[in-house]
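K.L.:
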Amino acid sequence: IEPDADHYACMVDMLGRAGRLEQAYKMVQSMPMGPHPGALGALLAACRTHYNVETAVDIAEVVAEELFKLEPSNTGNYVLLSGIYAARQQWDEAARVRKAMKEKITTKVPGYSWVEAKPIR
Numbered sequence: 016i017e018p019d020a021d022h023y024a025c026m027v028d029m030l031g032r033a034g035r036l037e038q039a040y041k042m043v044q045s046m047p048m049g050p051h052p053g054a055l056g057a058l059l060a061a062c063r064t065h066y067n068v069e070t071a072v073d074i075a076e077v078v079a080e081e082l083f084k085l086e087p088s089n090t091g092n093y094v095l096l097s098g099i100y101a102a103r104q105q106w107d108e109a110a111r112v113r114k115a116m117k118e119k120i121t122t123k124v125p126g127y128s129w130v131e132a133k134p135i136r
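The opening position of the sequence shown corresponds to residue 16 in our numbering, with each subsequent residue numbered one higher.
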């Protein structure tokens with residue numbers, strides 16, 4: 016099987032969940048197809064989960080900048096980076112990211128879900 020972007024994203028996600036952020040970042044860098052939003056997003060989420068790892072912020076900043084280029088209107092990427100800063104009590108940085116999001120994106124897509132209920136008789 017020839018690995019594609021989804022295979023790499025899965026591996027990055029597994030490494031990230033295990034707290035192996037540097038290995039996950041090296042895997043992203045080695046992707047022959049170039050940066051992929053799925054793999055980058057998985058790594059950014061892992062940096063949020065493991066924000067206390069020394070290299071988490073450095074990796075998150077690089078990954079987020081790449082995601083901002085690939086998916087400029089994805090508010091989730093901004094929220095994740097801001098959350099990493101907030102978890103580390105870097106309030107000025109968190110506010111800077113939120114401000115950048117508001118300047119670049121005019122509307123945030125709200126979350127929604129469906130609930131199906133049986134009729135009451």
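The C-beta atom is built at its ideal place from N, Cα and C for all residues, glycine as well.
1) Spell out a yes or no on whether the stretch 42-50 and the stretch 62-71 are touching, meaning 3 or more CB-CB pairs, one atom from each, closer than 8 Å.
2) Could you tell me if residue 131 is buried or exposed, where buried requires 16 or more neighbouring beta carbons within 10 angstroms of its beta carbon?
3) Let's test the definition: count the other Cβ atoms within 10 Å of the Cβ of residue 60 and tell me whether it reaches 16, buried, or not, exposed.
4) Does the distance from the CB of residue 74 to the CB of residue 58 come in under 8 Å?
5) For residue 116, name the three-state secondary structure that DSSP assigns.
6) Between the C-alpha atoms of residue 17 and residue 30, what's the straight-line distance to the nearest angstrom?
P.N.:
Taking the coordinates as given:
1) no
2) In the sequence shown, residue 131 corresponds to position 116, counting from 1. By the 10 Å Cβ count, residue 131 comes out exposed.
3) Walking along the sequence shown from the start, residue 60 turns up at place 45. Buried, by the Cβ-count rule.
4) Translated into the one-based positions of the sequence shown, residue 74 becomes position 59. Translated into the one-based positions of the sequence shown, residue 58 becomes position 43. It is a contact, given that the beta carbons lie within the stated cut-off.
5) Mapped onto the sequence shown, residue 116 falls at position 101. Residue 116: helix per DSSP, three-state reduction.
6) Looking up residue 17 in the sequence shown gives position 2. Looking up residue 30 in the sequence shown gives position 15. Cα to Cα, the separation comes out at about 20 Å.
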